[in-house]
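> Handing you this structure, nothing more for now.
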Amino acid sequence: MRRVFLGLLVIAVLAWLGWSWTRGRRVAPPPTSGPTDSTAVGVKALRLYFGAANGDSLVTESREILEPSGLHDRVEALVAELDRGPRGRGVAVLPAGTSVLRVFVDDAGLMTLDLSGAFRQRFRGGSSAEYLAIASLMRTIGANVPEAKTVLIICAGRPIPTLGGHLPLDRPLEISDWP
Amino acid sequence: MNHRGLSVGLLFTLVLGVLGADWRQPPPGEGPDTAPVHQIEGRPCIAVDDLARLLDATKFWRADVRRLVLRSGTHTVVLTADNPFVVVDERTLWLGAPVRSREGELQVPVALVDSLPSDSTLVRLTYDSRRARVVVLPTSGRVESPRWMVQGDLTRIVFPADHADEAVVVARARAHFRLRFGGIFMGELPDEAPPGSHVRAIRSIAASGGSAFECEIASGAAGYRLIQDPARRRVTLEIAGAPADGFEAFAPESPPGERRLKVVVIDPGHGGSDAGVIAGPAVEKDLTLSLAKRVGAEIAQSGVRAVLTRSDDRDLSSEERAEIANRLGADLVLAIHFDGFVDPHARGATAYCPPALVTEPERAGDAGRGADREAAAPAGAPGRVSLLPWRDVSTRHAVQSRAFAEALLSALELSGQGPTRLRERLPYDLLGVNAPGVVLECATLTAPDDRERVMQEEGLKQLAVSIADAVGAYQRNR
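Chains R and V supply the protein sequences, listed in that same order.
For the first sequence, the working numbering assigns the number 1 to the initial residue and increments by one for each residue that follows.
For the second sequence, the working numbering assigns the number 180 to the initial residue and increments by one for each residue that follows.
Structure below.
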């Protein structure tokens with residue numbers, strides 16, 4: 001009889017321990033930090049275009065950044081993200097270190113985009129590198145700055161005839177020409 | 180021998196083995212991968228020496244029993260003179276006709292090649308009855324006889340192909356619409372088009388390392404679509420009579436007939452302080468000049484005057500290049516470049532040609548010169564004067580330029596110097612050039628294979644011949 005009692009006691013203790021353990025797992029600890037409050041800081045989704053590794057075309061990537069306050073900040077952020085390069089497949093095609101110095105869009109949708117000297121000085125490669133660098137810039141601006149219809153690319157405050165000697169940049173480029 | 184002595188001995192043997200090994204790859208195009216077939220007593224036969232060469236086999240001859248053993252890797256083929264039976268890896272096969280001895284060499288019925296083991300240790304052979312040759316099948320396999328059918332306003336040509344994903348359209352003009360496959364063609368082409376077909380004729384054309392076909396498309400056809408179906412091992416070319424979603428337009432064309440070429444200007448890109456792309460030992464400005472000289476010599480052989488914008492290493496502005504072409508009254512301008520990209524996977528050739536910036540009625544209103552008039556709207560069509568900046572003057576020759584670009588890319592693809600791509604965008608080198616023109620990036624120097632090819636004498640020569648062929652095709656315009 002005593003043995004039976006002891007056996008039942010052991011089973012009861014084990015059952016209680018098991019119940020306590022599973023209950024403890026079910027009850028989540030109080031949250032130490034809540035989800036990001038989207039109303040506190042605006043988050044803007046960007047669509048970026050990078051070069052395909054085979055040099056044929058562009059590949060697209062979505063990325064979220066803190067919402068820029070104005071046109072300059074928006075375009076500056078786009079170029080900065082292009083300069084950082086892709087997180088997925090694809091390759092960065094904008095010359096390394098390129099940044100935005102000034103940007104202006106007139107009523108007709110002509111964007112004058114003044115890029116830093118690195119855009120021209122650090123360009124390396126042939127026509128495919130040049131074509132995709134410009135295409136990456138144009139497609140990214142087209143996807144994220146709807147008010148821009150044409151883009152005149154200048155460098156360090158001055159017009160440039162070409163980036164690498166293969167495509168002319170002396171005139172504004174139509175965004176719709178870069179599908 | 181102690182352990183130290185054994186180790187030194189093993190190391191010595193290993194070094195000798197490494198030094199003695201032949202690491203060289205055979206240059207592309209040098210591989211003897213076909214052999215002729217002869218008729219012996221009315222049966223197609225292959226000479227045993229050719230068979231051994233194709234199979235990379237070693238021969239062992241036993242004169243007493245007139246028996247020849249071919250050994251290739253783990254496989255053996257036992258042939259006996261005047262005997263229709265062969266033993267392949269312990270399997271006895273009947274060839275339908277005996278192995279014959281002719282002029283001291285055994286002649287083997289080609290029925291054998293289809294009975295050889297099909298595993299990765301032995302090359303795959305096949306008998307091409309059309310060319311009367313035994314052929315080593317490439318890894319891309321074969322392309323078989325197409326089926327040609329008309330369904331309403333749609334013409335469909337279905338090619339059975341082992342590697343359907345390798346099919347590509349390499350020329351988009353109706354008069355010479357070209358398809359290229361990785362596999363070799365082992366079938367027959369239909370003699371006649373079915374009634375109502377938008378494809379008038381199809382023929383096989385030469386292609387390096389695969390097969391290619393040229394179709395003649397009716398002028399009423401609106402677009403084409405190429406459907407690759409690797410799972411079902413087939414490629415379907417669809418030609419539609421009316422514009423439809425998913426169909427691509429054909430290249431704009433001028434009327435057929437010979438184009439008179441008197442002067443072709445060849446412009447070697449970069450030069451002087453502008454080296455262009457530098458990749459390892461390859462310097463673009465030197466390669467463009469070397470290739471331009473070769474292209475000029477090739478073109479001159481056909482009686483056309485070829486003029487280079489520079490014949491030495493010096494700076495030349497785009498305005499100076501344009502002025503040379505315009506002063507000479509060039510009928511055609513080819514700017515030669517080599518490409519470079521940030522990723523070594525990018526390879527092949529790219530052609531840039533000016534886009535058409537003006538509509539056809541506007542073009543008719545222009546006082547066009549020379550070759551461009553053939554691309555203009557019909558005489559008497561209502562026209563209006565439009566102003567075109569001199570900078571964009573090459574866009575007036577957009578149709579001719581596109582035709583030349585198509586001819587160049589097709590020649591490069593068919594000679595195995597692709598992949599190729601076409602970009603219709605006004606290139607810097609053609610600003611102010613009043614003639615049909617193309618900027619051709621002949622290869623990509625940052626791609627190791629491309630670079631190695633063009634750094635060799637033979638590679639540049641092959642490029643020059645292909646470009647000269649394209650000039651000839653453009654001139655013939657058929």
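Positions of the beta carbon are idealized from the N, C-alpha and C atoms, including for glycine.
1) Measure from the alpha carbon of residue 648(V) to the alpha carbon of each residue in 494(V), 322(V), 301(V) and 478(V), then state which is nearest.
2) List the residues of chain V that residue 168(R) touches, going by C-beta distances under 7 Å, in chain order.
3) Kindly indicate if chain R contains any beta-carbon less than 9 Å away from that of residue 453(V).
4) Between which two residues does the alpha helix (DSSP H) containing residue 134(R) stretch?
5) Looking only at DSSP bridge pairs, what is residue 393(V) linked to?
6) Would residue 351(V) pass as an interface residue toward chain R - the criterion being a Cβ-Cβ separation below 9 Å?
7) With 9 Å as the threshold, decide whether the Cβ of residue 448(V) is near any Cβ in chain R.
8) Any C-beta of chain V sitting closer than 9 Å to the C-beta of residue 54(R)?
9) To which residues of the same chain is residue 681(V) closer than 8 Å at the C-beta, ignoring the five residues directly before and after it?
10) Quick one, which of 532(V), 364(V) and 514(V) has its alpha-carbon nearest residue 581(V)'s?
11) Hey, out of 50(R), 74(R) and 44(R), whose CA is closest to residue 90(R)'s CA?
12) According to a CB-to-CB cut-off of less than 7 Å, which residues of the stretch 493-508 of chain V neighbour chain R?
13) For the structure I just gave you, are there three or more beta carbon pairs, one from the stretch 586-602 of chain V and one from the stretch 484-503 of chain V, closer than 8 Å?
14) Can you list, in chain order, the residues of its chain with a C-beta nearer than 7 Å to that of residue 169(R)? Leave out the 5 residues immediately preceding and following it.
15) Would you mind sorting residue 610(V) into buried or exposed? The rule is 16 or more other CB atoms within 10 Å of its CB.
16) Does residue 277(V) come out as helix, strand or coil in the three-state DSSP assignment?
17) Out of 311(V), 306(V) and 334(V), which has the shortest C-alpha to C-alpha gap to residue 321(V)?
18) Do we get a CB-CB distance below 9 Å when we pair residue 101(R) with the residues of chain V?
19) Given a cut-off of 9 Å on the beta-carbon distance, is the pair residue 652(V) and residue 614(V) in contact?
20) Please report the distance separating the alpha-carbon of residue 131(R) from that of residue 599(V).
21) Taking just the CA atoms, how far does residue 75(R) sit from residue 421(V)?
22) Contact between the stretch 440-460 of chain V and the stretch 403-417 of chain V is defined here as three or more beta-carbon pairs at a separation below 8 Å; is this criterion met?
23) From the beta carbon of residue 516(V), is the nearest beta carbon of chain R less than 9 Å away?
24) Which same chain residues, not among the five before or five after residue 471(V), have their C-beta less than 7 Å away from its C-beta?
25) In the DSSP assignment, the alpha helix (DSSP H) including residue 500(V) goes from what residue to what residue?
26) Give the range of the beta strand (DSSP E) segment to which residue 65(R) is assigned.
27) Tell me the rounded alpha-carbon separation between residue 140(V) and residue 69(R).
28) When you compare only the Cα positions, how much space is there between residue 616(V) and residue 428(V)?
29) I'd like to check one pair, residue 605(V) with residue 573(V): are the Cβ atoms closer than 9 Å?
30) Return the chain-ordered list of same chain residues with a C-beta closer than 7 Å to the C-beta of residue 268(V), the five sequence neighbours on each side being excluded.
31) In this structure, what does DSSP give as the bridge partners for residue 217(V)?
32) Measuring only the C-alpha atoms, how far is residue 249(V) from residue 214(V)?
33) Taking Cβ positions only, does residue 162(R) come closer than 9 Å to chain V?
34) Output the boundary residues of the alpha helix (DSSP H) element that contains residue 641(V).
35) What is the residue span of the beta strand (DSSP E) that residue 413(V) lies within?
According to the structure data:
1) For the residues 494(V), 322(V), 301(V) and 478(V), the minimum Cα distance to residue 648(V) belongs to 478(V).
2) 605, 607 and 610
3) It does: the Cβ of residue 453(V) has a partner Cβ on chain R nearer than 9 Å.
4) 127-144
5) 357(V) and 382(V)
6) no
7) Closer than 9 Å to the CB of residue 448(V) there is at least one CB belonging to chain R.
8) Closer than 9 Å to some Cβ of chain V, the Cβ of residue 54(R) qualifies, so yes.
9) The structure shown does not extend to residue 681(V), since chain V spans only 180 to 657, so no value can be given for it.
10) 532(V)
11) 50(R)
12) Cβ contacts with chain R come from no residue of the stretch 493-508 of chain V.
13) no
14) 153, 160, 161, 162 and 163, listed in sequence order.
15) buried
16) Note: residue 277(V) maps to coil in three-state DSSP.
17) Here the closest residue by C-alpha is 306(V).
18) no
19) No. Outside cutoff.
20) 15 Å
21) 43 Å
22) Taking 8 Å as the limit for Cβ pairs, the verdict is that the stretch 403-417 of chain V does not touch the stretch 440-460 of chain V.
23) yes
24) Result list for residue 471(V): 445, 447, 487 and 515, in chain order.
25) Residues 497-507.
26) 58-66
27) No answer is possible for residue 140(V): it lies beyond the span of chain V, which begins at 180 and ends at 657.
28) 22 Å
29) yes
30) 254, 255 and 296
31) BP columns for residue 217(V) point to 224(V).
32) 17 Å
33) yes
34) 636-655
35) 413-419
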